[in-house]
Amino acid sequence: MTRAVLALNAGSSSLKFALFAIEKGETAASPSHRIASGELEGIGSHPHFVAHDAGGRVLVDETWAPTADGANLDKAHLGPMATLMEWVGKQLGSVDLMAVGHRVVHGGPEFIAPVRITPDVLARLAALTPFAPLHQPGSLAPIRALLAQYPDLPQVACFDTGFHHTLPAVAQAQALPRDYAARGVRRYGFHGLSYEYIASALRERAPHLANGRTLVAHIGSGGSLCALQAGRSIDTTMGFSVLDGLVMGTRCGHLDPGVILYMLKEEGLGAAEIENILYHRSGLLGVSGVSADMRDLHAKAGTSAEVTQALDLFVYRFAQQAGGMMAALQGLDGLVFTAGIGEHDAIIRAAVCARMGWAGIRLDAAANAAHHEIISTADSAVEVRVIPTDEETTIRRHVLICLG
4 MTRAVLALNA GSSSLKFALF AIEKGETAAS PSHRIASGEL EGIGSHPHFV AHDAGGRVLV
64 DETWAPTADG ANLDKAHLGP MATLMEWVGK QLGSVDLMAV GHRVVHGGPE FIAPVRITPD
124 VLARLAALTP FAPLHQPGSL APIRALLAQY PDLPQVACFD TGFHHTLPAV AQAQALPRDY
184 AARGVRRYGF HGLSYEYIAS ALRERAPHLA NGRTLVAHIG SGGSLCALQA GRSIDTTMGF
244 SVLDGLVMGT RCGHLDPGVI LYMLKEEGLG AAEIENILYH RSGLLGVSGV SADMRDLHAK
304 AGTSAEVTQA LDLFVYRFAQ QAGGMMAALQ GLDGLVFTAG IGEHDAIIRA AVCARMGWAG
364 IRLDAAANAA HHEIISTADS AVEVRVIPTD EETTIRRHVL ICLG
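In my numbering, the protein residues as written are 4 to 407.
Below you can see the structure in the form of structure tokens.
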């Protein structure tokens, strides 16, 4: 190992990371060599730091005393980031950390490729916060912490919206007065680092799907669908914000704007109250009244009409919006499930595929239950696969592209 790259995938109160060895002559296209990975959880409240090596052996598992920094994301990240970087330094010894790559949720209309972070770039990314008010600050807080602690360490922003810059103009457009488009109000799409990884995995594992029409379902606590044509995004279910599209853990997904007008005019709710409802109290949690966690809902299925309705709505909206993606693709050759629910929930995969049986999808029940990669039958008109995503590997690739 001659150098290393640290990939950071930040949420509002948690941060996943992966440390990669970079050998002499290695390029973005070279296979990745992961040294370690882990997560910082409870940032701003009860910080918990866990890491393991490439073989899964636990390297560190520490919890700090509760803090009171949660209201200030930048301040809350200072201590945890210092701890992480100290630990990384011990792992690397004399090996040079060449750069840190960050998942940044929103790149707006300007940032469609990875970019080295400067004070000017950081200011322009912060100006995009109104486009992603609950996610952009969490993306930028680790960047600011590292700038304060390691001002000379190269940092690279890698954008969740960037992969979708290939959407045709008609798929980007919103049917609003034209001046809104001039202000950047259009459909962007998200989960792009995940979709880019799946597109690259298909090129290696299933070239016939990589070159064809494939629907990728990134479904976890947040979720979206992406229509890939020859590996390029041509449509996706998330649009201007991460609220659009599928039913999610606590987010509403597709919603008639008239509901928001009703909340404003008839209920007298303010913007903050509506934001809280749509982001934190809706989705599976809102409909079931029980939980946003699919595992909890499966455990209670059949005992509660509300839980059953939440599960049914999740599957219905998935199949409904998958039909829209198929229309954009003008057919379908492959369906790929990824992310937490997509990779681990055989019940949801079976229910979704049953609803999409009209498209010729035939699921192999045994392969699905065993979480095999290929879970469709030999006579299925659509090949169905389960491929774990790896956004950190995409971030590593972006860092090497950006820094040459």
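Using N, Cα and C, we set each Cβ at its ideal position, and we do this for glycine too. All figures in this text were calculated on a predicted structure; none of them were measured in a lab.
With a threshold of 8 Å, establish whether the CB of residue i neighbours any heavy atom of the ligand HEM.
i: residue 58; result: The ligand HEM is absent from the structure shown, which contains no ligand whatsoever.
Looking at C-alpha atoms only, which residue of the options is the closest neighbour of residue i?
i: residue 152; options: 304, 390, 88 and 11; result: 88
i: residue 341; options: 278, 330 and 394; result: 394
i: residue 334; options: 362, 315 and 356; result: 362
i: residue 50; options: 358, 84 and 281; result: 84
i: residue 225; options: 264, 128 and 281; result: 281
i: residue 389; options: 202, 283 and 98; result: 202
i: residue 161; options: 205, 213, 107 and 128; result: 107
i: residue 33; options: 207, 337 and 350; result: 207
i: residue 7; options: 93, 48 and 219; result: 93
i: residue 196; options: 370, 364 and 168; result: 168
i: residue 287; options: 251, 245, 271 and 268; result: 251
i: residue 9; options: 119, 158 and 63; result: 158
Please report the straight-line C-alpha distance between residue i and residue j, rounded to a whole angstrom.
i: residue 126; j: residue 40; result: 29 Å
i: residue 166; j: residue 172; result: 15 Å
i: residue 376; j: residue 343; result: 15 Å
i: residue 379; j: residue 360; result: 11 Å
i: residue 348; j: residue 204; result: 21 Å
i: residue 90; j: residue 256; result: 39 Å
i: residue 268; j: residue 283; result: 21 Å
i: residue 216; j: residue 336; result: 5 Å
i: residue 369; j: residue 64; result: 36 Å
i: residue 285; j: residue 278; result: 10 Å
i: residue 97; j: residue 27; result: 15 Å
Using 10 angstroms around the beta-carbon of residue i, count the other beta-carbons present and answer buried if the total reaches 16, otherwise exposed.
i: residue 306; result: exposed
i: residue 178; result: exposed
i: residue 233; result: exposed
i: residue 61; result: exposed
i: residue 117; result: buried
i: residue 312; result: exposed
i: residue 192; result: buried
Would you mind giving the Cβ-Cβ distance between residue i and residue j, rounded to the nearest angstrom? I have them listed as a contact below 8 Å.
i: residue 248; j: residue 324; result: 6 Å
i: residue 331; j: residue 230; result: 5 Å
i: residue 163; j: residue 194; result: 6 Å
i: residue 23; j: residue 38; result: 7 Å
i: residue 355; j: residue 318; result: 6 Å
i: residue 76; j: residue 144; result: 4 Å
i: residue 109; j: residue 13; result: In fact, because the Cβ distance is near 13 Å, the residues do not count as touching under 8 Å.
i: residue 228; j: residue 328; result: 5 Å
i: residue 174; j: residue 190; result: 7 Å
i: residue 364; j: residue 381; result: About 13 Å separates the two Cβ atoms, so there is no contact after all.
i: residue 1; j: residue 406; result: Given that the chain is displayed from residue 4 to residue 407, the structure contains no residue 1 and the question cannot be resolved.
(Q) Going residue by residue through the segment 244-296, where are the continuous alpha helix (DSSP H) segments of at least 4 residues, counting only ones entirely within it? (A) Listed in chain order, they are 260-268, 274-283 and 286-291.
Q: At 4 residues or longer, and completely inside the segment 160-247: list those alpha helix (DSSP H) runs for me, N to C.
A: If we require 4 residues or more, the alpha helix (DSSP H) runs fully inside the segment 160-247 come out as 172-175, 181-185, 195-208 and 210-213.
Q: Starting from the N-terminal side, write out each stretch of the beta strand (DSSP E) that is 3 residues or longer and does not extend beyond the segment 78-136.
A: Listed in chain order, the complete beta strand (DSSP E) runs (minimum 3 residues) inside the segment 78-136 are 99-107.
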